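The sequence shown begins at 0 in numbering that gives the first Met the number 0 and counts up by one.
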Amino acid sequence: MSKQMSHLDNIPSTPGKFKMEKSAYVHHRLRWHSSLAKLTFWSFMFMGMILIFFFRSPSSNPLPQDPSRRSLRTYNWGGPAWEKRVRSSARIRSRNGISVLVTGAAGFVGTHVSAALKRRGDGVLGLDNFNDYYDPSLKRSRQAFLERSGVFIVEGDINDSALLRKLFEVVAFTHVMHLAAQAGVRYAMENPGSYVHSNIAGFVSLLEICKSANPQPAIVWASSSSVYGLNTKVAFSEKDRTDQPASLYAATKKAGEEIAHTYNHIYGLSLTGLRFFTVYGPWGRPDMAYFFFTRDILKGKSIPIFEAANHGTVARDFTYIDDIVKGCLGALDTSEKSTGSGGKKKGAAQLRVYNLGNTWPVPVSDLVSILERLLKVNAKRKVMKLPRNGDVPFTHANISLAQRELGYKPTTDLQSGLKKFVRWYLNYYSGGKKAAG
Ligand SMILES: NC(=O)c1ccc[n+]([C@@H]2O[C@H](COP(=O)([O-])OP(=O)(O)OC[C@H]3O[C@@H](n4cnc5c(N)ncnc54)[C@H](O)[C@@H]3O)[C@@H](O)[C@H]2O)c1
């Protein structure tokens with residue numbers, strides 16, 4: 000949008016305005032003619048631009064770098080057949096089941112959470128804009144996998160209030176599992192707007208609809224361990240400071256927590272934030288180290304091993320996806336109802352934040368050694384200084400609060416989890432894309 004507007008802004012509002020005055024009648028007529036010609040010319044140009052603007056289909060010609068174009072994408076939704084699919088996907092099939100709107104359902108965590116909820120008989124409806132931050136065909140494969148288990152993913156953006164309102168009209172969701180976001184720290188150099196679009200504006204747009212819904216749903220949303228930023232006190236506890244973000248991603252996640260507090264306080268929405276610590280596993284994200292290390296080791300390409308200051312080790316509290324899913328379900332199951340109705344608060348509502356990690360940081364060089372053993376290929380390691388573009392040297396979770404209140408207890412060590420990831424990876428990329436689930 001901004002690109003188009005800046006073109007239009009360059010068009011002089013009064014064409015011919017800077018022409019020199021020559022006073023005589025003939026000149027006046029001539030000027031009138033030339034002004035008319037210019038006016039006609041600019042009118043055609045203007046109409047042409049408008050036509051180009053409307054007819055350039057975003058799906059056939061996407062501009063991945065421009066987040067505002069994403070918000071301009073038009074999606075097909077609505078109609079009786081569509082509503083039937085929405086209702087059927089969200090239908091509760093077990094006693095005491097819940098009906099959950101899962102945003103970011105075609106994403107890594109969203110796919111696993113949606114499948115787990117469906118398996119236990121809950122109603123699940125997905126929502127995702129299938130953006131191209133990473134290979135959208137992986138998102139389409141996850142969609143196909145979920146479709147086979149009876150989960151329908153509505154294609155749309157969380158900023159589309161009309162769509163969200165419609166979804167709440169069709170289904171009285173008891174819960175929202177909000178996982179749609181712009182993830183990753185490095186992409187901020189390329190496309191800072193996408194973090195604001197999805198992690199801030201999109202979150203507000205979703206909360207606005209939830210606050211007005213009747214009944215209001217309880218909301219569980221993904222925050223991130225990145226809010227601990229450059230903290231050196233370990234292990235990271237929920238009570239620690241979160242005011243030193245090291246990336247735009249972290250800053251928007253931190254802002255998300257403030258926004259959640261506000262909606263809880265003003266409108267009585269029940270909100271639970273989950274601070275995930277480096278989640279990995281089958282159907283994972285190609286922008287994450289364990290994923291592209293696997294790809295590059297297999298290709299014989301060298302892989303960067305980052306080193307902190309003074310040859311310090313870079314370590315991560317890697318958490319296996321099945322453990323994260325249990326934490327998400329635990330959070331949904333212990334959520335209390337929102338207390339407001341019709342956009343008005345009726346009483347205090349639940350507000351919680353939990354770490355979901357694995358309590359055992361592993362040096363990234365160990366991760367590479369495990370991958371080498373599993374892939375039976377030696378990696379070409381290239382040791383490099385940790386760039387100052389948002390990555391922190393280590394993450395380490397204290398999970399006692401989630402253990403106590405959600406029954407969260409991670410059980411998968413990195414070796415076993417990576418084994419499952421590698422099996423999935425080899426199957427998926429050797430042509431078994433459909434069967435990989
Ligand atoms: N995977 C991790 O290690 C990790 C760690 C910390 C936090 N998180 C958080 O967990 C959540 C899920 O992460 P993930 O790893 O599954 O990421 P992901 O990128 O695989 O999934 C996010 C999904 O949201 C969708 N999306 C993005 N913006 C949208 C919008 N405006 N409207 C509709 N859909 C939109 C994307 O298309 C994508 O499918 C995110 O909030 C992420 O920040 C993940």
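Using N, Cα and C, we set each Cβ at its ideal position, and we do this for glycine too. Just so it is clear, the structure is predicted and the values come from calculations on it, not from any experiment.
Item: Segment contact, 8 Å Cβ cut-off, at least three pairs: the stretch 268-288 with the stretch 323-343; Value: yes
Item: Residue range of the unbroken beta strand (DSSP E) whose run includes Pro-303; Value: 301-307
Item: Secondary structure of Met-176, DSSP reduced to three states; Value: strand
Item: heavy atom of ligand 1 below 6 Å from Phe-172 C-beta; Value: no
Item: Neighbourhood of Ile-398 by C-beta, 6 Å cutoff - its chain only, sequence neighbours within 5 removed; Value: Asn-354, Gly-356, Thr-358
Item: Euclidean distance between Cα positions of Leu-247 and Arg-94; Value: 43 Å
Item: Close-in-space but distant-in-sequence residues of the same chain around Ser-301 (CB under 6 Å, 5 per side omitted); Value: Lys-379, Lys-381
Item: Within 7 Å, strictly: CB atoms of Gly-125 and Ser-113; Value: yes
Item: Residues that Lys-298 bridges to, as DSSP identifies them; Value: Paired residue(s): none; Lys-298 is not in a bridge.
Item: Integer Cβ distance of Leu-417 from Tyr-262, believed to fall under 8 Å; Value: The Cβ separation is near 38 Å, so there is no contact.
Item: Per-residue DSSP class, three states only, for Ile-152; Value: strand
Item: CB contact flag (Phe-376, Ile-258, <7 Å); Value: The question names Phe, yet the displayed sequence has Val at residue 376. No, these two residues do not count as a Cβ contact at 7 Å.
Item: Residue interval of the beta strand (DSSP E) (run including Ile-218); Value: 217-223
Item: CA nearest to the CA of Leu-374, picked from Phe-202, Lys-298, Pro-216, Ala-143; Value: Lys-298
Item: Contact under 7 Å by Cβ, Pro-244 with Ala-314; Value: no
Item: Buried or exposed (CB count within 10 angstroms, at least 16 for buried), Pro-79; Value: exposed
Item: Beta-carbon spacing of His-177, Thr-102 below 7 Å; Value: yes
Item: Meets three-Cβ-pair contact criterion under 8 Å: the stretch 188-199 and the stretch 318-327; Value: no
Item: Strand pairing of Phe-393, partner residues [DSSP]; Value: Ala-314
Item: Asn-354 Cβ short of 6 Å to ligand 1 heavy atom set; Value: no
Item: Local Cβ density within 10 Å of Trp-31, reported as buried at 16 or more and exposed below that; Value: Confidence in Trp-31 is poor, its pLDDT being 42 and thus under 50, which makes the residue's placement too unreliable to answer from.
Item: The stretch 81-93 contacting the stretch 156-163, beta-carbon criterion three pairs below 8 Å; Value: no
Item: Tyr-428 to Leu-370 span [Cα, whole Å]; Value: 16 Å
Item: Cβ-based burial, Phe-310 [other Cβ within 10 Å; buried from 16]; Value: In the sequence as displayed, the identity of residue 310 is His instead of Phe. Exposed: under 16 other Cβ atoms inside 10 Å.
Item: Val-108: CB within 6 Å of a non-hydrogen atom of ligand 1; Value: yes
Item: Residues near Leu-385 in its chain [Cβ-Cβ closer than 7 Å; skip 5 each side]; Value: Phe-305, Glu-306, Ala-307, Val-313, Pro-392
Item: Gly-183 vs Asp-316 beta-carbon contact at 7 Å; Value: no
Item: Spatial distance of Pro-66 from Asn-190 (CA atoms); Value: Per-residue confidence for Pro-66 stands at a pLDDT of 48, beneath the threshold of 50, marking its modelled position as unreliable; no derived number is given.
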